[in-house]
Structures are given as C-alpha cells and as structure tokens.
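Worksheet for the structure shown next.
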Amino acid sequence: MEKALDAKSDLSFKVALEVLPAFELKDISDVAVTKPVASVSDAEVEEALQRMASQTKPFEPKAEGAAAETGDRVVVDFVGSIAGEEFEGGKGEDVTVEIGSGTFIPGFEEQLVGAVPGDTPTITVTFPEAYPAAHLAGKEASFATTVKQVQTPGELKLDDDFAKTYGMDSIDALKDALRAAIQKDFDAQSRRKVKKELLDRLAEKYDFELPPTLVDQEFQSVWQQVMADMQRSGKSFADEDTTEDEAKAEYRKIAERRVRLGLVLAQIGETNEIKVGDDEVTQGLIERARQYPGQERQVWEFYQKNPQALAEIRAPLFEEKVVDHILSQVKVDETTVSREALFAEDEEESSSPTASAQPEAAAADEGKPEQA
Numbered sequence: 506m507e508k509a510l511d512a513k514s515d516l517s518f519k520v521a522l523e524v525l526p527a528f529e530l531k532d533i534s535d536v537a538v539t540k541p542v543a544s545v546s547d548a549e550v551e552e553a554l555q556r557m558a559s560q561t562k563p564f565e566p567k568a569e570g571a572a573a574e575t576g577d578r579v580v581v582d583f584v585g586s587i588a589g590e591e592f593e594g595g596k597g598e599d600v601t602v603e604i605g606s607g608t609f610i611p612g613f614e615e616q617l618v619g620a621v622p623g624d625t626p627t628i629t630v631t632f633p634e635a636y637p638a639a640h641l642a643g644k645e646a647s648f649a650t651t652v653k654q655v656q657t658p659g660e661l662k663l664d665d666d667f668a669k670t671y672g673m674d675s676i677d678a679l680k681d682a683l684r685a686a687i688q689k690d691f692d693a694q695s696r697r698k699v700k701k702e703l704l705d706r707l708a709e710k711y712d713f714e715l716p717p718t719l720v721d722q723e724f725q726s727v728w729q730q731v732m733a734d735m736q737r738s739g740k741s742f743a744d745e746d747t748t749e750d751e752a753k754a755e756y757r758k759i760a761e762r763r764v765r766l767g768l769v770l771a772q773i774g775e776t777n778e779i780k781v782g783d784d785e786v787t788q789g790l791i792e793r794a795r796q797y798p799g800q801e802r803q804v805w806e807f808y809q810k811n812p813q814a815l816a817e818i819r820a821p822l823f824e825e826k827v828v829d830h831i832l833s834q835v836k837v838d839e840t841t842v843s844r845e846a847l848f849a850e851d852e853e854e855s856s857s858p859t860a861s862a863q864p865e866a867a868a869a870d871e872g873k874p875e876q877a
C-alpha cells in the first residue's frame, strides 16, 4: 500500500460484491384469484350501536341493600398479595368493576356477584400465564377487597340526542357512519385476502437464487419478532409441538419467500414505470404521524431527517401500487361471503413482503387485576 501511495507500485485488490439476481418476468395471463367481499348487515350496524351504547350508558346507585348482579358496576378498594406478601402495583382505590365486562382477571368480577356496600370479600384469582408482568404470570393472588358502592345501569335511549353526543345530527346519520366504517374494515380485509392469494400465485411462478445477505437480514427480522412474541406469551417451541431448529428452518423459508416476492414486485414496478410521488409519501407520513397523538411533530421531524426511515413509508405505498397493477392484469372473481368467512384466520403465515424485503426500502399499570 505504501509503495502504491508513493507511485512506486501498482495497487491490486479484489472486491466481493453481492448482486441482485437477473430473472425474466413470467406471463401472468393464466393467473386467476378470488376476492371475497361482504356487505354490512343491519344487524351488524345495530350490534356496533349497542357496543357504543354500552360504553356510555349511565349508572346510578342501586337501592340500599340490593346485591350486585352481572351487568352492575361495583366500586371497590383492594390490596393484592401473593403467599401473604403484598406486591407492588397490587393496590387500588375507588376502582370501578363492571361485572361481566371481562376487563379484569378471569374470576375477579364473578366473585363480586352478590356483594353489597360494606362487604369485605377476599377475592382469589390466578394471573394468566401470558400476563405482561413476568413475576406475576401464572401466580395465585388474593385481593382483600372493600365494596364501597353498587351501581345499576340506567336507561339509555338510542335516539337523536344520543347521536348528537357523537357529533351526528340524527340516529340515522350515526347508523350510516357506522355502516361506512364497518364497510371500510370489510373492504380492507377483502383486499388483504385477494392480495395474499395473488402473492401465492406469483410465488408459484418464480424460483431463482437469492442474495444470501438479503435473506439473512430478512430472517433475522422475522426471527427477532418470533422470539419477542414467544417471550411475551411465555410459550416455548415445545408448546408449539416443534423445536428451535425446525422453527428456524420454517421461518427461513418464509424469509426466502418474502425476499423473492419483494424482488419480483420491484421488477414488475420498474418494468411498468410505477412510481410513488412525493405527495403520496407526504400523505403517508401524515397518516403515520397521526398514529402518535401529541407527538406528531417529533414523528414528522424524525422521518424528515432519516431517509432510511422515510423509505419505510414509501415501500408499502410502492408495493400496493404494484399489486393494483398486477390485479388489473389477471382475472379477479368476486364472491360474496359472510363476515365470519371474510375474517376467518388463515392457517399460513402472511406472505406479504416486509419492508426489509422490498427493494425500494433496501435501496431507499402492572399487577392490578385489570386485564392487560
């Protein structure tokens, strides 16, 4: 090196580079996918309306001496202990418990049925195995409880006055807004389903060598999420009837599939000159910032100052535009299904390429009995 710098010798060196694979786009004229669609029924609108009503229904003190029943609210103080020792975060004062709401640890609400003000029951429950606080998960706890008040739900009329509390002029307008919101969820799920099937069909058509580094990066991203989920749930590989090695092999296949699909979508987008405009990225960034109320400015500035992070906004927009293009080139059969069928869980892992697999992105109160 010193000789080369002094112009006394030539500099010879080798560079190892990993290049993106070259492949030809396949004919997709024979591809056919099914798009499940569902319409919102009057019953589903009514169900949503009742849920809203249940969240805002008034409560009033029950008659003196009247015992708590399912549907009532009970105002309590409690002190939790495990094996006779109080634990941090296990105290609560003037806590409102709605019996039957399922918002507390299983068994807590039910043991308040029959209580009257002044009662001091000891409620014994077991924290769920998947409870976020690891030191409490699966532990049996006792809560020394004092019942201070029992309240019964009052009458709530679902009329125009009720609708006005939600900024609507009439109950019919509120129902229309609910129907539109539910339909939006249905349409989004319909899109996810047809997109997954389309990606399945594309995956069947392509089989080419992948850059090892891209696959390794994608696998590490997937595996970190898997391990985080297992730690959060408290489950092991044995619980899933598998081993760590078998799981790694399966998730590596998923990583390979995502990378391959990402490369295919990128080439289809490039070939068809599909672009994501700056205005589209700005709109996507605005929507991302809205997900963090009170921190919108910080989120906005973070993305503006980090090109790599901004690429994570652009990548899914690019993917959706490419998917739209492909769907316009293949046969799409719509079929009407029920809400249950539309939202039925898929057995297979989602096949959508993640941001790290998309070439545009690559180039660009604990201890309390309330359930968490």
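Everything in the sequence shown is counted per the working numbering, starting at 506 for the first residue and increasing by one.
Note that beta-carbon positions come from the ideal geometry of N, C-alpha and C, so glycine has one too.
Exercise for the section: Report yes if the C-beta distance between residue 602 and residue 592 is below 8 Å; otherwise report no. Expected result: no
Handout entry: Test item: CB-CB of residue 676 and residue 686 under 8 Å
Key = no
Exercise for the section: Could you pull out every residue in the same chain whose Cβ sits closer than 7 Å to the Cβ of residue 622, ignoring the five residues on either side in sequence? Expected result: 652, 653, 654, 655
Practice task
Tell me whether residue 597 sits in a helix, a strand or coil according to DSSP, three-state version.
Solution key: strand
Practice task
Classify residue 656 as helix, strand or coil using the three-state DSSP reduction.
Solution key: strand
Handout entry: Counted within 10 angstroms of its Cβ, other Cβ atoms place residue 520 as buried (16 or more) or exposed
Key = exposed
Handout entry: C-alpha gap between residue 563 and residue 577, whole angstroms
Key = 11 Å
Practice task
Quickly, what does DSSP pair residue 540 with across the bridge? List them, please.
Solution key: 839
Practice task
Just mark residue 698 as buried or exposed, buried being the case when its beta carbon has 16 or more other beta carbons within 10 Å.
Solution key: buried
Problem - Reduced DSSP secondary structure (H/G/I, E/B, other) of residue 786 - result: helix
Problem - Status (buried if at least 16 other CB within 10 Å, exposed otherwise) for residue 855 - result: Residue placement at residue 855 is poorly supported in this model, since its pLDDT is 41, which falls under 50; the coordinates are not used for a value here.
Practice task
Could you tell me the distance, in whole angstroms, from the CA atom of residue 705 to the CA atom of residue 720?
Solution key: 19 Å
Problem - Secondary structure of residue 619, DSSP reduced to three states - result: coil
Exercise for the section: Tell me residue 447's beta-bridge partners as DSSP assigns them. Expected result: Since the displayed the chain opens at 506 and closes at 877, residue 447 lies outside it and no answer follows.
Handout entry: Distance between residue 823 and residue 813 (C-alpha atoms, nearest Å)
Key = 15 Å
Handout entry: Beta-carbon proximity list for residue 558, same chain, < 8 Å, skipping 5 on both sides
Key = 661, 663, 667
Handout entry: Selected residue, minimal CA-CA separation from residue 880, among 683, 832, 529, 771
Key = The requested residue 880 does not occur in the structure, where the chain is confined to residues 506 to 877.
Handout entry: residue 628 - containing beta strand (DSSP E), residue span
Key = 627-631
Problem - Boundaries (first-last residue) of the alpha helix (DSSP H) holding residue 724 - result: 717-738
Practice task
Identify whether residue 547 lies in helix, strand or coil by the three-state DSSP scheme.
Solution key: helix
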